[in-house]
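These notes are about the structure you will find just below.
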Amino acid sequence: MASDTVTLTLESEEDTDELELPRELVDMLRESDDETAPEVVGDIAMMGFAQRIHGAAHHAEGEPDQQIADLNDLTMDLFEDRFGATFGELTGHDH
Numbered sequence: 001m002a003s004d005t006v007t008l009t010l011e012s013e014e015d016t017d018e019l020e021l022p023r024e025l026v027d028m029l030r031e032s033d034d035e036t037a038p039e040v041v042g043d044i045a046m047m048g049f050a051q052r053i054h055g056a057a058h059h060a061e062g063e064p065d066q067q068i069a070d071l072n073d074l075t076m077d078l079f080e081d082r083f084g085a086t087f088g089e090l091t092g093h094d095h
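Just so you know, we're using full-length UniProt numbering here: the sequence shown kicks off at 1 and counts up by one.
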């Protein structure tokens, strides 16, 4: 496509997908000049996944089942490993 986009490849052990984004948008969301496009997208993906599981664990009607609670705990541990701060510290939203 146009040169004003960046294409990133996502890989797992079994599958591959490509994601094309406006280069200027990725640049705008960089935390620092040396942050790479994959790092920017990885941070945003982690934030998105953490928000989704947080919502399922803490904002759904009733108590979450054990699987959701365990997924929330694991995701929040991985979030803190990536960012060096808790989800609550970075978003101001903690329970």
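Beta carbons are placed, not taken as given, at the ideal position from N, Cα and C, and that holds for glycine. Note that this is a predicted model, so its numbers are computed, not measured.
On the CB-based measure, 16 or more other CB atoms within 10 Å of its CB, does residue i come out buried or exposed?
{"i": "T75", "result": "buried"}
{"i": "A57", "result": "buried"}
Out of curiosity, what's the CA-to-CA distance linking residue i and residue j?
{"i": "L8", "j": "D33", "result": "18 Å"}
{"i": "residue 99", "j": "E24", "result": "The chain is shown only over 1 to 95; residue 99 falls outside these bounds and no answer can be derived."}
{"i": "G92", "j": "E63", "result": "22 Å"}
{"i": "Q66", "j": "V41", "result": "30 Å"}
Starting from residue i, trace the beta strand (DSSP E) both ways and give me its first and last residue.
{"i": "T16", "result": "16-22"}
{"i": "T9", "result": "5-11"}
Are the Cβ atoms of residue i and residue j separated by less than 9 Å?
{"i": "F83", "j": "D94", "result": "no"}
{"i": "D4", "j": "L10", "result": "no"}
{"i": "I44", "j": "L71", "result": "no"}
Within the continuous alpha helix (DSSP H) that includes residue i, where are the two ends?
{"i": "L78", "result": "66-83"}
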